[in-house]
Structures are given as structure tokens and as C-alpha cells.
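Everything below concerns the one structure shown next.
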Amino acid sequence: MPGTSTPQPRRSVTVIGLGPMGQAMAGAFLDSGYDVTVWNRTASRADDLVARGAVLAPDLEKALAANELVVLSLTDYDAVYATLTPAETALTGRVLVNLSSDTPEKARAAARWAAERGAVQLTGGVTVPPSGIGKAESSTFYSGPREAFDRHRTALEVITGRADHQGEDPGLAALMYQIGMVMFWTSMLSFWQAVALADANGLKAADILPHAVETAHSLPGFFSFYAERVDAGVHTGDVDRLAMGTASVEHVLHTHADAGVGTALPAAVVELFRRGMDAGHAADSFSSLVELLKKSEA
């Protein structure tokens, strides 16, 4: 009839797991006007969210039944199974946005497990800490059925402003997440190592911070330069040579030893460079080390 508006679909979501990340996600949904149902083994973790308008489900079955869209924020996939298995009959028809951290293979297995119980899994890899949840500039990798992703994209963009669908393979989002973690943890360890070396020489972290930031900002240029060559299998020593790189990382190791600080990390780097030398890559680029890393040490 004229003047009759089309009813808008109810915006609602269930969040299971209320650690810092789950609480941040539930809070972001509340801020965006969603009806939010929450559940956690320790119910008191929901107190602040309930005060803001969330509904604490009395049990997991009712939490799952409340909404089609269910966001899982649990430690790992073992925790997912331990949490959901007792209520698996309530999974039928649910879209499980599984943001738990784990391996790509476990993500694929969990997607099959969900499908066997009538649910759809969207694997997610959130690239920010809880403080980044709800921010337009933050991003999350997703993979799994495109139809489910597209249908719930608006809700996913509440969690992080960018929702990046990587493909139908449920393991791809977990893979991209773990690639980021490889770089993050190793990079942060390198900074802690630099701080330790600075401290042994009477300097504070703040003293070396400008130099550390400048060094970090130089890395994207190196990534871009080497990516094309690595993909093409080109490791010629026209720009750099592994022999020179080995001398450099050995100097790094000796500097740490002379300063009396831990050498486990620089020693591991030296060991990898020496493996490359032993494999006959002395005159090649140090990018040739990627070929060693592609193979299991076993």
C-alpha cells in the first residue's frame, strides 16, 4: 500500500566466547545497533555487556537458537569442539563465523564437522588486537562459502571495517592469518633482541626507536623487490650474495656475544645462512634461502 515502508531485517548476532576479543566484538555489535545474545562458560564475563543491552543466554543451546549468525571467539579449534559438541543438535541452520586461531588444516576439518551438523562455517582471521575491533581501518580475512559471506557481510564489517574474502577454501583465511603471525612474532622478537643489545650498551628502547622504525619502514621496498624474483625462481647474485650476508649475520652474532646478551635468535639466523652456504648458494642472492625454507628439516 502507498506509504507503507518495507520492514527491515532484524540485525542480530550471537557471540560465544567472551575473552577480551569476544567482549570487544559483542560491544561493537551493540554500538552498531544489533540485538546481541552472548554466552560464556564463566557467565560473569557478560556482566558489562548485559548492562549495555546484550542478552545473556541461560545455556548454549538457547544461545545458538537465538540467531542464525553465530560468532565464535575461542582459543583454538579444540576449544570450539569442546564448547559446541554438547549442543551440536542446535547447530542446524547456523552460520558459524569461526574466529578462533588455529591451522588451515584444522579450519578445513572444522568446516566439515560443522557441515555434518547442518551448519556453515566461515573461517576468519582477525588481523588486529581487541583495541582494533570496530575500527574502519581494521581488517579480517575470511574464507568459506561466498553466499554466506555476502549475506552477512554487513555484520562482518562491524567486527572490522574491512572484510576480505579469500576464497571458498575454509583454510585460506587461517593461512593468511598465520602468514601474518609468522611475520609479526619474528619481527617483534627482532626488536626485543635489538633492545637487549642496546641495553647491554647503556641505551634504552626509546634511544633506538627512531632507527628501529626507519629500518622497519625500509622493509616494504625489499619485499616488493624480491617478491617477483622469488616467484620467478631468480636468485642470481647480481644484487647481493649469500656469502656477504653470512658475514653480516655472523657479525651480528659476535656483537651479541661480546655484549654478553642472549644469542639464541641471531645464532638461529646464522645457522640458516650457513645451511645455504653448504647447499652451494654462496654466490647466489640470500633470497635463495627461501628454497631451503620450503623444505622440511627432516
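When we follow my numbering, the leftmost residue of the sequence shown carries the number -13, and every step to the right adds one.
Built from N, CA and C at the ideal position, the CB exists for glycine as well.
The residues 149, in chain order, have a CB closer than 6 Å to that of residue 142 in the same chain once the five nearest residues on each side in sequence are set aside. Exclusion of the five residues before and after residue 46 leaves 2, 25, 69, 70, 72, 73 and 76 as the residues of its chain whose Cβ lies within less than 8 Å of its Cβ. The C-alpha of residue -3 lies about 22 Å from the C-alpha of residue 33. For residue 183, the enclosing alpha helix (DSSP H) covers residues 157 to 186. The shortest C-alpha to C-alpha distance from residue 164 to any of 85, 207, 219 and 220 is the one to 85. Here residue 156 has 93, 94, 97, 107, 109, 129 and 130 as same chain residues with Cβ atoms under 7 Å from its own Cβ, once five neighbours each way along the sequence are excluded. Only residues of its own chain outside the window of five on either side were considered, and among them 4 have a CB closer than 6 Å to the CB of residue 31, listed in chain order. Going by beta carbons, residue 227 and residue 273 fall outside the 8 Å limit.
Separation of residue 203 and residue 29 (C-alpha to C-alpha, rounded to the nearest whole angstrom) is 44 Å.
For the options 104, 62 and 81, the alpha carbon positioned closest to that of residue 88 is the one of 62.
For residue 259, the enclosing alpha helix (DSSP H) starts and ends at 250 to 264. Between the segment 276 to 283 and the segment 247 to 267 there are three or more inter-stretch CB-CB distances shorter than 8 Å, so the stretches are counted as touching.
Within 10 angstroms of the beta-carbon of residue 151 lie 16 or more other beta-carbons, which makes it buried. Within the segment 80 to 119, the beta strand (DSSP E) runs of at least 3 residues that lie entirely inside it are, in chain order, 81 to 84 and 106 to 112. Residue 241 and residue 170 have their alpha carbons spaced roughly 24 Å apart. Excluding five sequence positions before and after residue 235, the CB atoms of its chain that fall closer than 6 Å to its own CB belong to 255, 256 and 259, given in chain order.
Distances from the alpha-carbon of residue 196 to those of 181, 23 and -1 put 181 closest. For residue 50, the enclosing alpha helix (DSSP H) has its first and last residue at 46 to 52.
Under the DSSP assignment, residue 125 falls in the beta strand (DSSP E) whose first and last residues are 125 to 129. In the structure shown, the three-state DSSP call for residue 0 is strand.
In the DSSP assignment, residue 148 is bridged to 125. When DSSP states are grouped into helix, strand and coil, residue 60 belongs to the coil group. If you look at residue 21, you'll find it in the beta strand (DSSP E) that goes 21 to 25. Counting only the Cα atoms, residue 104 lies some 8 Å from residue 80. Annotation: residue 138 is outside any alpha helix (DSSP H) and is labelled neither H nor E by DSSP. Short of 7 Å from the beta carbon of residue 162, and not among the five residues preceding or following it, lie these beta carbons of its own chain, in chain order: 111, 127 and 152.
Residue 19 sits away from residue 35, with the two beta carbons spaced by 8 Å or more.
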